[in-house]
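*Asks:* Input: one structure, supplied below.
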Amino acid sequence: MDELASKIAVRLLPPLTSPLPEKLQAAMQSAVDRFDKLVQFVSKNQSSATQSRTKPQLHSVMAKLLQMDRNVVDEKNKQEVFIGILHATTEDATKQEDEQMLREAITACESRQLSDSYAKGRITTKRRPDYQPGPKGSRLLKVTFESQAHCDIFLSSLKRKRVYKMQSLPHAYVRRDYNIVELII
Numbered sequence: 001m002d003e004l005a006s007k008i009a010v011r012l013l014p015p016l017t018s019p020l021p022e023k024l025q026a027a028m029q030s031a032v033d034r035f036d037k038l039v040q041f042v043s044k045n046q047s048s049a050t051q052s053r054t055k056p057q058l059h060s061v062m063a064k065l066l067q068m069d070r071n072v073v074d075e076k077n078k079q080e081v082f083i084g085i086l087h088a089t090t091e092d093a094t095k096q097e098d099e100q101m102l103r104e105a106i107t108a109c110e111s112r113q114l115s116d117s118y119a120k121g122r123i124t125t126k127r128r129p130d131y132q133p134g135p136k137g138s139r140l141l142k143v144t145f146e147s148q149a150h151c152d153i154f155l156s157s158l159k160r161k162r163v164y165k166m167q168s169l170p171h172a173y174v175r176r177d178y179n180i181v182e183l184i185i
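Throughout the sequence shown, residue numbering follows UniProt numbering, covering 1 to 185 in sequence.
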């Protein structure tokens with residue numbers, strides 16, 4: 001049993017591209033602990049013949065699930081979210097305003113890296129939930145960057161300087177994109 005747990009730990013817990021916050025590490029550790037209890041329970045309640053077949057399968061499934069979670073965390077670390085930004089009445093007008101605001105924000109950052117990345121089309125935006133026609137309202141505007149470093153540069157510079165459109169909306173702000181575990185905590 002310890003052998004299986006150590007194999008899982010080695011495969012599933014390689015260093016991430018970025019350090020995890022303490023709360024997220026605690027949540028991940030609780031998931032690993034629950035998985036360990038599940039493996040112990042399954043091994044107690046199965047015959048040795050069945051055990052030899054299910055251990056590799058169980059390991060494979062859990063490895064894939066935790067790898068997917070790690071990929072989601074890495075992807076979320078590359079995203080920022082504009083909250084409280086109003087959308088226009090048409091999809092095209094909303095996209096145009098979003099692009100203009102993003103251009104202003106990147107220009108305000110005065111970062112050559114961000115400007116180059118934006119010029120190459122590696123910074124994208126998307127409204128969540130997807131566009132729904134109707135009266136003006138606000139929906140999340142997610143901005144995906146090329147790397148977490150670009151994301152951090154963008155967020156830190158916007159904390160110092162507010163974009164023109166955001167100055168007229170005092171309730172609007174920018175934050176990094178949270179994953180499910182962070183939202184639960």
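Ideal Cβ placement from N, Cα and C applies to all residues, glycine included.
These numbers were taken from a predicted model, which means no experiment stands behind them.
Just the C-alpha distance for S157 and E110, rounded to the nearest angstrom, thanks.
*Replies:* Spanning the two alpha carbons is a distance of roughly 8 Å.
*Asks:* With DSSP as the reference, label T107 as helix, strand or coil.
*Replies:* Here T107 sits in helix by DSSP.
*Asks:* Taking only three categories from DSSP, how would you classify R175?
*Replies:* It is a strand residue.
*Asks:* On the criterion of 16 or more Cβ atoms from any shown chain inside 10 Å, does R127 qualify as buried, or is it exposed?
*Replies:* R127 should be labelled buried.
*Asks:* Pull the bridge partners of S138 from the DSSP assignment, please.
*Replies:* Paired residue(s): L86.
*Asks:* Taking its Cβ as the centre, do 16 or more other Cβ atoms sit within 10 Å of T124, making it buried, or is it exposed?
*Replies:* Result: exposed.
*Asks:* Counting contacts by CB-CB distance shorter than 8 Å, is A108 in contact with chain D?
*Replies:* This model lacks chain D altogether, as it is built from one protein chain only.
*Asks:* Excluding sequence positions up to five away, which residues of its chain have a Cβ less than 8 Å from the Cβ of Q79?
*Replies:* Counting only Cβ-Cβ distances below 8 Å, and skipping sequence neighbours, we find K142, V143, T144, F145, C151, R176 and D177.
*Asks:* How is E3 classed by DSSP in three states: helix, strand or coil?
*Replies:* Helix, per DSSP.
*Asks:* Rank E91, S115 and D92 by C-alpha distance to the C-alpha of L102 and give the top, closest one.
*Replies:* Considering only alpha carbons, the answer is S115.
*Asks:* Have a look at Q40 and S147 and give me their C-alpha separation to the nearest angstrom.
*Replies:* If you take the alpha carbons of Q40 and S147, they lie about 39 Å apart.
*Asks:* Which word fits K120, buried or exposed, when buried means at least 16 other C-beta atoms lie within 10 angstroms of its C-beta?
*Replies:* Flag for K120 reads exposed.
*Asks:* Have a look at the DSSP bridge pairing and note the partners of Q79.
*Replies:* Q79 pairs with T144.
*Asks:* Counting only the same chain and skipping the five closest in sequence on each side, list residues whose C-beta sits under 6 Å from that of V174.
*Replies:* Around V174: E80, F82 and L158.
*Asks:* Comparing alpha-carbon positions, which option in I153, P129 and D69 lies nearest M28?
*Replies:* Comparing Cα positions, the closest option is D69.
*Asks:* Check for me: the beta strand (DSSP E) holding R112 runs from which residue to which?
*Replies:* Taken as a continuous stretch (DSSP letters only), R112 belongs to no beta strand (DSSP E), being part of the alpha helix (DSSP H) at R112 to A119.
*Asks:* From A172 to I85, what distance separates their C-alpha atoms?
*Replies:* Going from the Cα of A172 to the Cα of I85 covers about 6 Å.
*Asks:* If we count the other Cβ atoms within 10 Å of its Cβ and call it buried at 16 or more, is K76 buried or exposed?
*Replies:* It counts as buried.
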